[in-house]
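Peer 1: Following this message is one structure expressed as structure tokens.
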Amino acid sequence: MNYQVDEKGFYGEFGGAFIPEMLYPNIEELRLNYLKITAEPSFKKEFMELMVDYVGRPTPLYFAKRLSERYNTKIYLKREDLCHTGAHKINNTIGQILIAKRLGKTRIIAETGAGQHGVATATVCALMGLECVIYMGEIDIKRQAPNVARMKMLGAEVRPATSGSKTLKDATNEAIRDWINNPENTYYIIGSVVGPHPYPDMVARFQAVISEEIKAQLEEKEGTEFPDYVIACVGGGSNAAGAFYHFLEDENVKLIAVEAAGKGVDSGESAATSILGKIGIIHGSKTLLMQSNDGQITEPYSISAGLDYPGVGPLHSHLHQTKRAEFIAITDDEAMQSGWKLSQTEGIIPAIETAHAFAVLNKKQFEPNNIVVINLSGRGDKDLSTYIDYFNLR
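Letter by letter, the sequence shown follows residues 1 to 394 of full-length UniProt numbering.
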């Protein structure tokens with residue numbers, strides 16, 4: 001089985017580029033150039049220097065001793081929360097803004113849900129001196145206020161998306177409309193492994209630095225490059241794609257993708273795409289998509305702003321269909337309790353998105369000698385108000 005994208009941008013039957021004619025020149029320019037640009041020695045040099053000196057890579061692979069004792073297995077945490085800006089998102093924005101500059105673009109747009117991708121985009125725009133516009137759902141702006149303030153401090157304009165559910169899907173719609181209206185000078189930095197080809201492949205390649213480092217760090221710590229399990233949360237799926245990337249072809253490594261069940265898979269308020277989704281097209285990509293019987297998109301729900309997306313990246317749809325990865329849905333309550341437990345067991349407050357991944361520890365039975373790697377994709381500072389309200393911490 002092949003888990004890489006083919007020349008037309010498909011993972012199995014998922015992917016492709018289903019776009020309006022007006023977007024074709026933008027997408028084609030990127031498709032024709034992204035692999036050539038990223039293969040240039042000058043690009044590789046600048047990218048790696050920024051990864052090390054600006055982002056702070058490699059991030060630690062931390063052995064979580066107390067968590068391991070609690071679950072009687074060997075648990076490692078890949079500390080992407082220690083990246084500059086507090087999440088894995090900056091791995092991708094560094095790569096894409098270097099491409100944008102080489103394509104001669106002077107204006108950057110992006111969408112964001114939890115605000116982590118928006119902050120990462122605003123950060124690299126400030127670093128490179130480029131104009132930056134971030135689209136964000138009106139509801140997400142209210143529940144992620146600290147990240148909104150950070151984006152503004154970094155010089156970005158934050159434009160609210162006020163249509164639909166006023167969350168990530170609608171922010172993405174607004175960003176695409178902007179791109180159609182400004183094709184000459186504008187580059188759209190998509191934050192996840194979603195959208196038309198080549199975005200899913202390009203973002204996965206930039207995030208693959210995560211699994212590349214896991215292999216080298218495990219070799220040093222355990223004498224093997226290969227864990228028994230890799231676990232990551234999935235909204236669009238960028239952190240999971242990065243954590244899985246170098247293990248996709250080795251089926252001895254079990255991959256677990258964790259989705260948001262919200263208030264329950266059957267509650268009508270959920271974002272469990274692999275369970276509730278059917279094949280459809282969203283934001284230029286054929287993938288699994290939550291939709292009604294007549295094809296209308298079903299509004300997703302999750303307590304985590306980064307996971308309430310009605311679709312999932314086409315790579316993940318392929319991993320689900322081929323059963324290469326196991327998909328597990330975690331409710332709001334299970335995620336919040338796991339975030340609390342990690343905070344009090346290891347002294348690490350995770351983003352609520354990431355907290356979903358930790359809830360799997362209560363769902364699976366691991367052997368004492370298993371090596372379990374959880375991608376700790378973001379820190380929980382931005383979610384403190386939600387934690388405060390949920391646990392009544394006032």
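Even glycine gets a Cβ: it sits at the ideal position worked out from N, Cα and C.
Below 8 Å on the Cβ atoms is my contact criterion, and I expect E174 with R159 to pass it. Report the Cβ-Cβ distance as a whole number of Å.
Peer 2: Indeed they touch by this definition, with Cβ atoms about 7 Å apart.
Peer 1: Can you give, in chain order, each stretch of the beta strand (DSSP E) that sits fully within the segment 128-207 and has at least 3 residues?
Peer 2: If we require 3 residues or more, the beta strand (DSSP E) runs fully inside the segment 128-207 come out as 131-137, 157-161 and 186-188.
Peer 1: Are the beta-carbon atoms belonging to A271 and D308 less than 7 Å from one another?
Peer 2: Yes. Within cutoff.
Peer 1: Under three-state DSSP, which class holds I27?
Peer 2: Of the three classes helix, strand and coil, the one that applies to I27 here is helix, per DSSP.
Peer 1: Sort K105, C125 and K65 by Cα distance to N182 and report the nearest one.
Peer 2: N182 has its Cα closest to that of K105, out of K105, C125 and K65.
Peer 1: Specify the secondary structure class of E49 as computed by DSSP and reduced to three states.
Peer 2: Helix.
Peer 1: On the premise that V258 lies in contact with C233, defined as a C-beta separation below 8 Å, what is that separation, rounded to the nearest angstrom?
Peer 2: Right, their Cβ atoms sit about 5 Å apart.
Peer 1: Would you report the Cα separation of S302 and F10, rounded to the nearest angstrom?
Peer 2: Those two C-alpha atoms are separated by around 28 Å.
Peer 1: List, from N- to C-terminal side, the beta strand (DSSP E) runs of 3 residues or more that fit wholly inside the segment 194-278.
Peer 2: Qualifying beta strand (DSSP E) stretches, in chain order: 229-233 and 254-262.
Peer 1: Which of helix, strand or coil does DSSP assign to T331?
Peer 2: In the structure shown, T331 sits in a strand (DSSP, three-state: E or B).
Peer 1: What ranges does the alpha helix (DSSP H) occupy inside the segment 308-375, keeping only unbroken runs of at least 4 residues that lie completely in it?
Peer 2: DSSP runs (the alpha helix (DSSP H)) wholly in the segment 308-375: 314-321, 332-346 and 352-358.
Peer 1: Give the single residue among L98, S385 and L361 whose Cα lies nearest to the Cα of S68.
Peer 2: The candidate whose alpha carbon is nearest that of S68 is L361.
Peer 1: If I'm right that E269 touches K263 with Cβ under 8 Å, what's the distance once you round it to whole angstroms?
Peer 2: Indeed they touch by this definition, with Cβ atoms about 4 Å apart.
Peer 1: Within its chain, find whatever has a CB closer than 7 Å to the CB of G56; leave out the 5 residues flanking it on each side and keep chain order.
Peer 2: Taken in chain order, the residues that qualify are L82, C83 and H84.
Peer 1: Roughly how many angstroms lie between the CA atoms of A149 and K382, to the nearest whole one?
Peer 2: Going from the Cα of A149 to the Cα of K382 covers about 11 Å.
Peer 1: Using only the alpha-carbon positions, how far apart do F47 and G86 sit?
Peer 2: Those two C-alpha atoms are separated by around 19 Å.
Peer 1: Is the beta carbon of G306 sitting closer than 7 Å to the one on G242?
Peer 2: Not in contact: G306 and G242 (Cβ atoms no closer than 7 Å).
Peer 1: Would you mind reading off the limits of the beta strand (DSSP E) that contains R79?
Peer 2: Counting along the chain, the beta strand (DSSP E) containing R79 begins and ends at K74 to R79.
Peer 1: Helix, strand or coil: which one does DSSP assign to F14?
Peer 2: F14: strand per DSSP, three-state reduction.
Peer 1: DSSP state of Q96, grouped into three classes?
Peer 2: Helix, per DSSP.
Peer 1: Report the CB separation of R79 from L384 in whole angstroms; it is logged as a contact under 8 Å.
Peer 2: With 8 Å as the limit, R79 and L384 do not qualify as a contact, their Cβ atoms being about 19 Å apart.
Peer 1: My guess is that N91 and Q116 are in contact by the Cβ rule of under 8 Å, so how many angstroms apart are they, rounded?
Peer 2: Contact doesn't hold; Cβ gap of about 12 Å is too wide.
Peer 1: Is the number of C-beta pairs between the segment 273-291 and the segment 201-218 that are closer than 8 Å three or more?
Peer 2: The segment 273-291, when compared against the segment 201-218, does not touch it at the 8 Å Cβ threshold.
Peer 1: What first and last residue would you give for the beta strand (DSSP E) that runs through T112?
Peer 2: Start and end: R107 to T112.
Peer 1: Please classify R57: does DSSP put it in a helix, a strand, or coil?
Peer 2: DSSP places R57 in coil when its eight states are reduced to three.
Peer 1: Residue range of the beta strand (DSSP E) that T287 falls in?
Peer 2: T287 -> beta strand (DSSP E) spans S285 to L289.
Peer 1: Name the DSSP beta bridge partners of G378, please?
Peer 2: For G378, which the question treats as bridged, DSSP gives the partners A87.
Peer 1: Per DSSP, which one or two residues make a beta bridge with Y62?
Peer 2: Y62 pairs with L77.
Peer 1: Taking the alpha helix (DSSP H) that D389 falls in, what are its first and last residues?
Peer 2: Unbroken alpha helix (DSSP H) run through D389: L384 to F391.
Peer 1: Looking at the structure shown, is G115 part of a helix, part of a strand, or coil, going by DSSP?
Peer 2: Coil.
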